[in-house]
Each structure stands twice: as structure tokens, then as C-alpha cells.
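Position one of the sequence shown corresponds to residue 33 (the numbering used here), numbered consecutively onward.
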Amino acid sequence: METYILLLLCLAAFFAGFVDAIVGGGGLIQTPIALVLLPNLAVSSVIGSLKIPAFSGTAFAANQYLKKVKMNWKLLSIMASIAFSAAFLGSNLLTLVSNDFMKPLLLVVLSLIALYTFAKKNFGSHHEKNLSQKRQLLLAILMSICIGFYDGFIGPGTGSFLVLGFVALLGFDFLHASANAKMVNLATNFGSICLFILKGKIIWAIAIPMAICNAFGGWMGAKIAIKKGNGFIRIFFLIVVVGTLIRFGYDVFLK
């Protein structure tokens with residue numbers, strides 16, 4: 033591999049970690065760039081290798097959030113274990129079939145999310161606590177299954193979907209949603225990593241340098257998100273959702 037290619041991958045990993053730490057969606061940056069720069073590698077090997085930097089960046093971001101934001105550990109432990117299994121199964125399916133048929137559906141869903149978030153100015157501005165414990169647990173389990181499987185099978189935008197789920201379904205504000213989403217995202221990344229290691233799909237010479245850069249980006253992004261708070265994260269969320277729309281729109285209509 034040419035040195036400049038690895039440098040470009042590391043730069044993409046840094047920005048991916050930065051964005052992902054704030055509101056998720058880092059995969060929208062490093063995944064397409066890696067696929068373009070590594071055209072001779074199998075897609076499953078590229079995606080598998082990218083799970084290592086994704087995990088490292090999320091881990092460093094989560095560590096920053098843990099210092100400042102209160103976590104619901106009982107709920108998170110249940111969600112993480114379910115999300116891990118769902119991501120493992122999703123990654124296994126990815127090695128067997130194509131996931132392109134999902135993109136038109138995701139385009140519609142993301143359009144609705146962007147419109148709703150933009151129109152509802154107080155969306156995610158405060159923490160709502162009107163859910164019963166039983167209902168919250170049920171919604172959390174369903175969310176972990178669906179988004180965990182999505183992360184293993186498709187990937188990009190997982191962090192954003194997790195943030196959205198914590199806000200829209202579980203009543204969290206954006207800051208607490210971003211913090212708790214990181215913990216579940218760690219589990220989904222780890223589930224996929226276990227599968228890709230078993231399948232021998234990870235290229236460590238690419239994964240490790242990108243992981244270092246992604247971790248630094250994640251550390252920096254989390255510090256800024258904690259300092260700026262809900263309003264900043266909401267704006268960043270909208271930007272990432274629109275970016276996701278453009279990416280899937282390109283894949284569906286132009287690619």
C-alpha cells in the first residue's frame with residue numbers, strides 16, 4: 033500500500049471519530065473513503081477492518097462521557113448484551129448477502145427524521161421521565177435488536193440512530209442520549225469485531241493506525257460535546273442526518 037493512502041485513511045478516521053463522538057455517524061466519513069481508496073480489497077475486509085477504529089474512537093469518547101454524564105447502568109447492561117448478539121448476527125449475514133436493498137428504505141426513514149428534528153425545535157432539549165420502567169425496558173430491547181443488527185449488517189449512521197432512539201423512544205436529552213449511545217455502540221462494534229476476527233476479515237496493518245487516529249478524534253469530539261451541550265449536539269445531529277441522506281441518495285439514484 034502507498035503511504036499516502038494510509039495517511040488519507042488515518043485523516044478520515046480522525047474526522048470520523050470526532051463526528052461520531054458528538055452524535056454518531058462517523059462511519060459515513062471513513063467507510064466510503066476506505067471503499068474508494070481500497071478498491072482491490074473485498075468489501076467485507078474493508079468493513080471488518082474499519083470496525084477496529086470505530087471501536088477505539090467510541091471507547092475514548094465513552095470514557096470522556098463517563099466522567100461528566102450519569103449513565104443508567106442497569107438499562108445499558110441489558111441493551112449492550114442484546115446489541116452485541118444482534119450485531120454479531122448482522123455481520124454474519126453481511127458475509128453472505130448484499131445489503132444494497134435496504135438503502136431506499138433508509139432514505140425515506142432518514143428524510144422523515146431530518147424533517148421532524150428540524151421542525152420540532154425542543155426535540156431532545158430536556159430529559160423526559162414519563163415512561164414506566166417496564167415500557168422503557170421493552171423499547172430499549174427492541175431498539176437494541178434493530179439497531180444492533182443494522183450496525184452489523186450495514187453500519188454507517190448507527191451512532192445517529194442510537195442517539196435518535198434514546199431521545200425519541202426513551203425520553204433522553206441529546207447530551208445523555210449521546211453518552212448512553214456510546215456504550216451501546218461499543219457493544220455493537222465489539223459484536224461485529226468478534227465475527228470478523230473469526231472470519232479472518234480484519235487487515236491489522238490498516239486497522240491499527242486508523243484506530244489511533246479515530247481514538248484521538250473521539251476524545252476531542254466528546255470533550256467539545258460535553259462543553260457545548262444539547263443545542264450544539266442537536267445542530268450536529270441534523271448535519272449528520274442530512275449527510276447520511278446525501279450518501280444513501282447517491283447510492284440509490286446515482287451510483
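Ideal Cβ positions, reconstructed from N, Cα and C, are used throughout, including at glycine.
For residue 38, the CB contacts under 8 Å within the same chain, skipping 5 residues up- and downstream, are 238 and 241 in chain order. Secondary structure of residue 74 (DSSP, three-state): coil. Residue 42 is not a Cβ neighbour of residue 178, given a cutoff of 8 Å. Residue 215 carries a helical assignment under DSSP once its states are collapsed to helix, strand and coil.
Scanning the region 211 to 271 for uninterrupted alpha helix (DSSP H) segments of 4 residues or longer gives 236 to 260, listed from N- to C-terminal end. Between the C-alpha atoms of residue 89 and residue 285 there is a straight-line separation of about 32 Å. In this structure, DSSP gives residue 127 a state outside helix and strand, which the three-state scheme calls coil. When DSSP states are grouped into helix, strand and coil, residue 83 belongs to the helix group.
Excluding five sequence positions before and after residue 115, the CB atoms of its chain that fall closer than 6 Å to its own CB belong to 176, 180, 216, 219 and 220, given in chain order.
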